[in-house]
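Going by our numbering, the sequence shown wraps up at 682, each residue one higher than the last.
Here a beta-carbon is modelled for each residue, glycine too, at the ideal position from N, C-alpha and C.
On a predicted model such as this, the values are computed, not experimentally measured, just so you know.
Below is one structure, written out as C-alpha cells, with a few remarks after it.
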Amino acid sequence: MQVLIIGAGLGGLVCAIACRRAGIEVTVLEQSAEISEVGAGIQIPPNASRVMRNIGLLSQVQSEAIRVQWIDILRYKNGERLIRRPLSDDHIKTLGGEWLVIHRADYHNILLQEAKRLGANILLSSRVVDVNVRQTKAMLGNKTFAPDVIIGADGLWSITRDSLLDKPAPPYETGDLAYRAIVSRDTLLGLNDPRVRTLCDAPGVTIWVGPRCHCVFYPIKKRTVFNLVLLRPDNMPRSSRKAEGSLQEMQETFEGWDPYCTTILGDACHPTLPYQAQGAAMAVEDGALIGYLLGEYEKVKYTPHLDKRSLQSLLKLYEKMRKSRTTVNVVGAVNNRHFYHMEDGVEQTERDQSMKMHNWQYKSSKYSWLDVHYQQELLGYDVLWHGKQAFLTWWAEEYGGKGYI
C-alpha cells in the first residue's frame, strides 16, 4: 500500500510514523522549502502523551518537555487562586499519561527525525495545487501522485478539504485573537519581583480568567524561557491569520489585571484557540488512528474479495470515529471560552465559588473544566485501544472476521 500525506505538521508526521511502523510506504508533501524551528509553547495533555508512548517516542519527548504538576486558575483582578487541578502520579495513572509542556519546534523535530529514521519520504517545496478524490490523485504543477490513499494533513486552509467537499471551504472567523510571546527567564527574574520568581519556579500551568479575556503561562526549554498566551476578542481584518502585535494595545486590553500577570507581557501574536490545549493533541490522535487502521488493513489486504471499496469503508470508519471524538473537544472548547471569559457579575461569582469549593473527588459539575467524567473522557482516551476495537468490529461485520490475526 502507498499512502500520500499532504502536510508535515504534527498530525501528518504522527500519521507517517504510524504508517511506517506498520510497513506502509509513505510519502509526505510539505509546501515549505525547509522545516525550521518556529512556533512557541504547546501543551501535550495525557491523551497525546499516551500516543507518544504507543509510538515509542515518550522518552524523547520527556527529555525536551516539562511535566506539569498542576494547573492553577487565578482571578484576573487580584491573582486570587480559584482552583488547582492536581496532576499527581495518581492522576497520571488514572488518565493514562502525563501532562507535558514543550516548545513546538522541539516536539515537531522529534516527530520529523523519527519519520525520517523509519523511512518516510518527505518532500519539501511540494505545494499541492489540486486533489482529485475520485481518482485518488494529487497534483503538484507538472507532477502527479497516484497513491492508494491520500491523507490531508494540510491545516486550516486545507486544499484536500476543498476537494472532498467539491467547493471552497475556508475556516470560519471565530472572533478570537491571541497574543503569543516567549519570555526569557533572565528577563523575568530581572524584574526583581518575588511573585514572578515564584511563578517561574512553579511546576505548573497558570491561567488568569477575566471578562472576555484570559491568559496562560507556563515554562518550556528546561525553564530557560516561558510561554505566554493572552486571548481577547479579535479586531484584526477578516482572513488575517498572523500579524505583528502591538504592545500598547495588549497592555490596554489587560489594564487593571493582576500585576503578577501584566509584568510579563510579550511581543508577538497570532490567532489561535487554546481553550482546551487539545488542538495539536487531536491531530496527534488523528495521525495515530489512521496509521493504525491502515496498518491493520495492510495485514489482511490479500484476503479474497477485499477491494478498493473495503478501503473506502475503512476510511469511513475512521471518519465516524474522529467526528464523534473531536466533537467532544469542540463542545468543550466552546464551553471553556465562556468559562474563562465571563463578565464580572452573578454568573462569574457563582463560577468562582464553584471553583473554590470544588473537590476533585466529586464526579460531576455543570462546568466541563471541573467535571471529572468529562475530563476523563477527554484526557483519558486511548485512541489506539478504541481503534483496535473498532477495527475488529468492522472486520467482523464486513468479512466475518476471517483471516485477521
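My output table needs one value for residue i: the three-state DSSP class, helix, strand or coil.
i, result
"S336", "helix"
"Y495", "strand"
"L669", "helix"
"H380", "strand"
"D563", "helix"
"G556", "helix"
"L656", "helix"
"D478", "helix"
"R404", "coil"
"L279", "First, the amino acid is wrong: residue 279 is Gln here, not Leu. In the structure shown, Q279 sits in a strand (DSSP, three-state: E or B)."
"R472", "helix"
"R509", "strand"
"N409", "strand"
"L388", "helix"
"K576", "helix"
"T549", "Confidence in T549 is poor, its pLDDT being 36 and thus under 50, which makes the residue's placement too unreliable to answer from."
"K393", "helix"
"E675", "helix"
"W646", "coil"
"W662", "helix"
"Y639", "coil"
"G288", "helix"
"G568", "helix"
"C538", "The predicted model places C538 with a pLDDT of 29, which falls under 50 and marks its position as unreliable, so this point remains unresolved."
Identify the residues that DSSP records as bridge partners of residue i: which are they?
i, result
"C490", "G487"
"K420", "L417"
"S461", "V502"
"R344", "L377"
"N398", "T304"
How is the beta strand (DSSP E) around residue i delimited, first residue to last?
i, result
"Q695", "There is simply no residue 695 to check, as the chain begins at 278 and stops at 682 in what is shown."
"P363", "R358 to P363"
Over the uninterrupted alpha helix (DSSP H) stretch that includes residue i, give me the two end residues.
i, result
"L351", "L351 -> not in any alpha helix (DSSP H); beta strand (DSSP E) instead, spanning W347 to R352."
"Q368", "The question names Gln, but residue 368 is His in the sequence shown. It spans D366 to L372 - the alpha helix (DSSP H) in which H368 sits, taken as one unbroken run."
"Q630", "V623 to M634"
For residue i, verify whether its CB is less than 7 Å away from any heavy atom of the ligand COA.
i, result
"Q553", "Questions concerning the ligand COA fall outside what the structure shown contains, since it holds no ligand whatsoever."
Extract the residue ranges of the beta strand (DSSP E) inside the stretch 425–459, only unbroken runs of 3 or more that lie entirely within it. Here the runs fully enclosed are 426–429.
Which full runs of the beta strand (DSSP E) of 3+ residues lie inside the stretch 293–337, going along the chain? If one requires a minimum length of 3 residues, the beta strand (DSSP E) runs lying completely within the stretch 293–337 are 302–306 and 318–321, in chain order.
Does the stretch 620–633 touch the stretch 593–612, meaning 3 or more C-beta pairs lie closer than 8 Å? The stretch 593–612 is not in contact with the stretch 620–633.
Touching by the beta-carbon criterion (3+ pairs, under 8 Å), the stretch 390–400 and the stretch 364–381: Taking one beta carbon from each stretch, the stretch 390–400 and the stretch 364–381 have fewer than 3 pairs nearer than 8 Å; the two do not touch.
Inter-stretch contact (C-beta, 8 Å, three-pair minimum) for the stretch 425–445 and the stretch 329–348: With the cut-off at 8 Å, the stretch 425–445 and the stretch 329–348 do not touch.
Any 3 or more C-beta pairs closer than 8 Å across the stretch 478–485 and the stretch 417–428: The stretch 478–485 is not in contact with the stretch 417–428.
The stretch 322–330 contacting the stretch 494–513, beta-carbon criterion three pairs below 8 Å: As far as the Cβ criterion goes, the stretch 322–330 does not touch the stretch 494–513, which means the pair count is below three.
Inter-stretch contact (C-beta, 8 Å, three-pair minimum) for the stretch 404–415 and the stretch 379–387: Touching, no, given that fewer than three Cβ pairs across the two stretches are closer than 8 Å.
Given 8 Å, three or more beta-carbon pairs between the stretch 282–300 and the stretch 554–571: Touching, yes.
Decide yes or no for the touch test of the stretch 463–477 against the stretch 333–341: beta carbon pairs closer than 8 Å, at least 3 of them. The stretch 463–477 vs the stretch 333–341: no contact.
With a cut-off of 8 Å, do at least 3 Cβ pairs link the stretch 352–370 to the stretch 633–641? With the cut-off at 8 Å, the stretch 352–370 and the stretch 633–641 touch.
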